[in-house]
Amino acid sequence: RRPWEPAPSICIALAQRSCGLEGICVAFGSLSQPIKQSSSFSAPLSRRGAPGSSERRASTMSAETETGSDGATTPTNGSTTKTSPAAAYRKTNGHDLEGSCSALEEAMAACATHISSDASRTTLAKARDALSKLFGAQAKLTAQIDSSQKPPSEKKSLLDRCEKLEQAIEHASLELKDAVQGACVKRREAGDDAYASQQYDAAYAAYAAALGFAPDDVESLLGKARSASQLKDWPACISDARRAARLDVQASEAHSLLVTALLEQGDVQQAAQALGNAPDDVLESSEELQVLGTDTIPEAAKASANALFQRKKFPEALALYTLAVELTDGQRHVYLSNRSACLQALSRWERAADDARRVIELKPDFAKGHLHLARSLVRLDRKLEACEVLEEGIEDGPADVSALEKLLQELRTVRPPAAPPRQQSRQLRDAATSAYKRGLYKEALSLYTKCLATDCAEADAVLANRAACWLMVDQAERAVDDCRKASSVIAEQLPKADDDERKRLVSQRSKVAARLSSSLQRLGRIDEALSVIQDDPSLTEKRNQLEQCQSTQKQATEAYEGEEYSRAKRCFVKLRDDYNVTDDADARVKLAACHVHLKEYADGSREALSALATKKLRGKSLVEAHGVRADALLAQGDRSRAEQHLAACLQLDPDNSDIKTRLKHLRRSTKDAERIKSDIESLVRRGEYDKASQAASEGLKVDPSDKKLTAAMHVRRAKCHQLLALKVLRSNGDRDQRQDKALPHWRRVHADSSAALYHAPSPLKTAYLLGSEALQGMHRYGDAVDLLETALNTLPDGKSDRDLVQKFKTAQRLLKKAQRPDLYKLIGPDLDEHSDESAIKKAYKKAAMRWHPDRFSCKGEKQQKEAEEQFQKINDAYEFLTDAQRKRLWDQGYDREEIEQQLEMQKQQQQYRGGGFPFGGFRRG
Numbered sequence: 001r002r003p004w005e006p007a008p009s010i011c012i013a014l015a016q017r018s019c020g021l022e023g024i025c026v027a028f029g030s031l032s033q034p035i036k037q038s039s040s041f042s043a044p045l046s047r048r049g050a051p052g053s054s055e056r057r058a059s060t061m062s063a064e065t066e067t068g069s070d071g072a073t074t075p076t077n078g079s080t081t082k083t084s085p086a087a088a089y090r091k092t093n094g095h096d097l098e099g100s101c102s103a104l105e106e107a108m109a110a111c112a113t114h115i116s117s118d119a120s121r122t123t124l125a126k127a128r129d130a131l132s133k134l135f136g137a138q139a140k141l142t143a144q145i146d147s148s149q150k151p152p153s154e155k156k157s158l159l160d161r162c163e164k165l166e167q168a169i170e171h172a173s174l175e176l177k178d179a180v181q182g183a184c185v186k187r188r189e190a191g192d193d194a195y196a197s198q199q200y201d202a203a204y205a206a207y208a209a210a211l212g213f214a215p216d217d218v219e220s221l222l223g224k225a226r227s228a229s230q231l232k233d234w235p236a237c238i239s240d241a242r243r244a245a246r247l248d249v250q251a252s253e254a255h256s257l258l259v260t261a262l263l264e265q266g267d268v269q270q271a272a273q274a275l276g277n278a279p280d281d282v283l284e285s286s287e288e289l290q291v292l293g294t295d296t297i298p299e300a301a302k303a304s305a306n307a308l309f310q311r312k313k314f315p316e317a318l319a320l321y322t323l324a325v326e327l328t329d330g331q332r333h334v335y336l337s338n339r340s341a342c343l344q345a346l347s348r349w350e351r352a353a354d355d356a357r358r359v360i361e362l363k364p365d366f367a368k369g370h371l372h373l374a375r376s377l378v379r380l381d382r383k384l385e386a387c388e389v390l391e392e393g394i395e396d397g398p399a400d401v402s403a404l405e406k407l408l409q410e411l412r413t414v415r416p417p418a419a420p421p422r423q424q425s426r427q428l429r430d431a432a433t434s435a436y437k438r439g440l441y442k443e444a445l446s447l448y449t450k451c452l453a454t455d456c457a458e459a460d461a462v463l464a465n466r467a468a469c470w471l472m473v474d475q476a477e478r479a480v481d482d483c484r485k486a487s488s489v490i491a492e493q494l495p496k497a498d499d500d501e502r503k504r505l506v507s508q509r510s511k512v513a514a515r516l517s518s519s520l521q522r523l524g525r526i527d528e529a530l531s532v533i534q535d536d537p538s539l540t541e542k543r544n545q546l547e548q549c550q551s552t553q554k555q556a557t558e559a560y561e562g563e564e565y566s567r568a569k570r571c572f573v574k575l576r577d578d579y580n581v582t583d584d585a586d587a588r589v590k591l592a593a594c595h596v597h598l599k600e601y602a603d604g605s606r607e608a609l610s611a612l613a614t615k616k617l618r619g620k621s622l623v624e625a626h627g628v629r630a631d632a633l634l635a636q637g638d639r640s641r642a643e644q645h646l647a648a649c650l651q652l653d654p655d656n657s658d659i660k661t662r663l664k665h666l667r668r669s670t671k672d673a674e675r676i677k678s679d680i681e682s683l684v685r686r687g688e689y690d691k692a693s694q695a696a697s698e699g700l701k702v703d704p705s706d707k708k709l710t711a712a713m714h715v716r717r718a719k720c721h722q723l724l725a726l727k728v729l730r731s732n733g734d735r736d737q738r739q740d741k742a743l744p745h746w747r748r749v750h751a752d753s754s755a756a757l758y759h760a761p762s763p764l765k766t767a768y769l770l771g772s773e774a775l776q777g778m779h780r781y782g783d784a785v786d787l788l789e790t791a792l793n794t795l796p797d798g799k800s801d802r803d804l805v806q807k808f809k810t811a812q813r814l815l816k817k818a819q820r821p822d823l824y825k826l827i828g829p830d831l832d833e834h835s836d837e838s839a840i841k842k843a844y845k846k847a848a849m850r851w852h853p854d855r856f857s858c859k860g861e862k863q864q865k866e867a868e869e870q871f872q873k874i875n876d877a878y879e880f881l882t883d884a885q886r887k888r889l890w891d892q893g894y895d896r897e898e899i900e901q902q903l904e905m906q907k908q909q910q911q912y913r914g915g916g917f918p919f920g921g922f923r924r925g
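In structure tokens form, the structure reads like this:
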């Protein structure tokens, strides 16, 4: 071939991959010899699997035109048609560069006539493919013209025509995007009209047609799911609603349709899981979703469970009853009652009894609650308690007591009407012991108390057992009282007891002494505990332990008074954890003060609150407890509650000048902090970020002791600098210069977010996110990944936080992206991911002209090979980046292998679903 003629192999390849519009394929044929129109052009389309098959295309074209033997179109039905590119091409004289340019212009004009929002999706898909190939052919033709030996004037004229052709292609590309979007909107609006007219079949078809143009259009997916729900096509509704929820997690209607469809399909547990996948803010703002969670799903679970219960499928029924109970936080007595019945059917009597007790607590006049509890107690061989439950149920006055009375009558016929007092006492004691062993301490306390009210044979043992119950419910003072009473009973009965009874009483005395010393030990009264067991040789081991505890207590006091807070904390913790000194309120206050002095504010606040909750503090200790909690709360940023505790201190000690000063300073600094926060928000809304940053700096000086306030001000200042950095990046000018100007702001963001994490009493998600964004702005992508990984592992719900997990994945993609070859720079030095299609095309044009192999034909073999390789790389990068889907995924950080895998999966899904817009549809931007 001659140097100025296009390469036939390239043109034929383009023809075979072109969009298939009538005549355009011929325009891409080899310009060195005419190619007659034949069926061979439909073969590549069939292999690609495009939705418009040759048969469908033939029928569509026959409705508009008929093709003559010369390739030109002739009108049918008297209509006027446009000249095809094929006919225009054949009219050119020869196949020189001017003829090639004319053929491409004719092809472009023909292609543009097919771009309309009224066109079919097949036509628009082919038009897009045609535009892509037209641009490639134009770029190559431009390179050939530039390297040709034509006169300058003729070359300039041809180059001007090529430039106009490029502009026409770019304009057509924009029109194509608008046409695709318009086609989607038109069909979606048709679906809306059909749905409003209750023509649900037509609406479903219209929404499906809209999705053929834009498969990720959430409104169309919701409309299609809505129509499917009206048609009772629940699988289709579930599929579309689930996809809409994935695309827009904030779409409450998507979650509502998905949950409702799953319920209609009978999959209650999947419905509950789908509801749980909705974000918390969506659940809180949607009344419909709240009703689904609190009423609809629990009722559906109960109905399904009832059906399973009737079929004696008790394990499956139990799971659904439990789901209903959990969704209502155990506040619906009916669900608990049904679960109790199911547990009885499974012979799980203890759990059945527990559920029945909760039913009675929620609704005392609900007869079934008493009935389920009584039946469970009977099965546990606690008939006396069962009778009492039934009697209480009858007294509570439910509407129907016949079942309760019947069961009570049956139990009374089984047992004697009235047992002797001594026998009653024994039964009560045995029942109480059984309850204690099962962990029902309050019930055991009630039964032991009833036992003591009867003619009790071994009152000392019963009192000692009740003391053990008091210890289990953290009532050490009452345990001490019962132990002393037991000791008095033993001392009274010991002189007049026979040998066997005396032996029992002596053994019991040691047990009571040990329990009394344990109770006193829990209260921190170690000296008294030692005196109780001092003369008992059987309690030597216990005495040794108490002596060690006494030594530790003295060390703790000395260290606290000497302001050795770290050592004092270790001693107080050892007393609590190793020696079980848990009810000593004064020790708790001192431990709380140690935590606060060591800047462990959460632990200090918790310990001070525990000390106040005992209500055993008096005088100076009570004032100290309120003061310590106020310090801890203030450091955590809870200024209102800190003020309440300081006010309580002032009430207890009105003359304390230190508390007065602290309270006055707290109130003043609170007003200053609120004023500065309001100023910062107002300045940010007005876009005055520099002034907002200065206000945040002022806020850092308000109260340095308030760590939470300090951290919050650092976060606000970091946010201001983040907004300043983004403002610079969005301004006009060279991108590299903008990035350089933004760099100081990113450094300030990083410094302030790090300071916020240092001062914050608990990890701050916002500080982690700002810090990672700053590191990415500074191109430290690896550090950003490490910081977000720390956030995932540090924040309480880090690994379940969808937003944080998504940010972490994005950071990983950016890191991978930074480590990949830069396809943009390969095409042009000024390109990046923000470059639009027009800029990429212009840069490609220059690069293709620079590295076209024809320009190196006179160079050495090595240079020719390098040029061919570079030209191939440029073509490959250009073809990749001009594919909208591939470019989008590449900009998100995926590598080429991952991108091809995703596209292959999408292609398979499209084929499986039987439609959809070819190549994944069009998207704006």
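Counting in full-length UniProt numbering, the sequence shown runs from 1 upward without gaps. For each residue, glycine too, the CB sits at the ideal point set by N, CA and C.
Of all alpha-carbon atoms in F856, G771 and C469, the one lying nearest the alpha-carbon of H750 is that of G771. Taken through DSSP and simplified to helix, strand or coil, I115 comes out as coil. Between Q250 and L262, the beta carbon gap of about 20 angstroms keeps them out of contact (Cβ cut-off 8 angstroms).
DSSP places M849 in the uninterrupted alpha helix (DSSP H) bounded by E837 to W851. Under the Cβ criterion (8 angstroms, minimum of three pairs), the region 842 to 854 counts as touching the region 864 to 882.
Around the beta carbon of V506, a 10 Å sphere encloses fewer than 16 other beta carbons of the protein chains shown; the residue is thus reported as exposed. Spanning the alpha carbons of W470 and T449 requires a straight line of approximately 12 angstroms.
With 16 or more neighbouring CB atoms inside 10 Å of its own CB, S132 falls in the buried class. Annotated as distal: A444 and A457, with beta-carbon spacing of 8 angstroms or more. Between F572 and I360, the alpha-carbon positions lie close to 42 angstroms from each other. The three-state reading of DSSP puts G637 in coil, since its state is none of H, G, I, E or B.
Within the same chain, and ignoring the five residues on either side of L289 in sequence, the residues whose Cβ sits closer than 8 angstroms to its Cβ are S252, H255, S256, V259, L275, A278, V282 and L283. Residue state for E600 is assigned as coil, using DSSP reduced to three classes. By the CB criterion at 8 angstroms, K825 and L795 fall outside the cutoff.
Counting only residues of its own chain and dropping the five nearest sequence neighbours on each side, A112 has a CB closer than 8 angstroms to the CB of A168, A172 and E175. Counting of Cβ neighbours within 10 angstroms places P151 among the exposed residues, the total staying below 16.
Remark: C-beta atoms of S697 and A635 do not approach each other more closely than 8 angstroms. Pairing I840 with G637, the inter-Cα distance amounts to about 52 angstroms. Within the region 337 to 400, complete beta strand (DSSP E) segments of at least 3 residues are not found at all.
Distance from the CA of R426 to the CA of V480, rounded to the nearest whole angstrom, comes to 24 angstroms. Going by beta carbons, D577 and S621 fall outside the 8 angstroms limit. A straight-line Cα-Cα distance of about 10 angstroms links I533 and V512.
The count of Cβ pairs closer than 8 angstroms, one atom from the region 754 to 769 and one from the region 795 to 815, reaches three, so the stretches are in contact.
For M472, the enclosing alpha helix (DSSP H) starts and ends at A459 to M472. 8 angstroms or more divides the Cβ of G893 from the Cβ of K807.
In this structure, the straight-line span from the alpha carbon of L104 to that of Y689 is close to 53 angstroms. In this structure, L124 places its C-beta atom within 8 angstroms of the C-beta atom of A183. Rounded to the nearest whole angstrom, the CA to CA distance from Q870 to A791 is 44 angstroms. Under the three-state reduction of DSSP, M713 is assigned to helix.
A760 and G699 have their C-alpha atoms some 15 angstroms from each other. Counting other Cβ atoms within 10 Å of its Cβ, A602 stays below 16 and is therefore classed as exposed.
Q902 and K887 have their C-alpha atoms roughly 13 angstroms apart. The DSSP assignment places no complete beta strand (DSSP E) segment of no fewer than 3 residues inside the region 519 to 560. The region 333 to 343 makes contact with the region 364 to 378, as at least three CB pairs between them are under 8 angstroms. Around A403, the same chain offers A367 and L371 as residues with beta carbons nearer than 7 angstroms, after the five sequence neighbours per side are excluded.
Sequence-distant Cβ neighbours of K313 in its own chain, meaning closer than 7 angstroms and more than five residues away, do not exist here.
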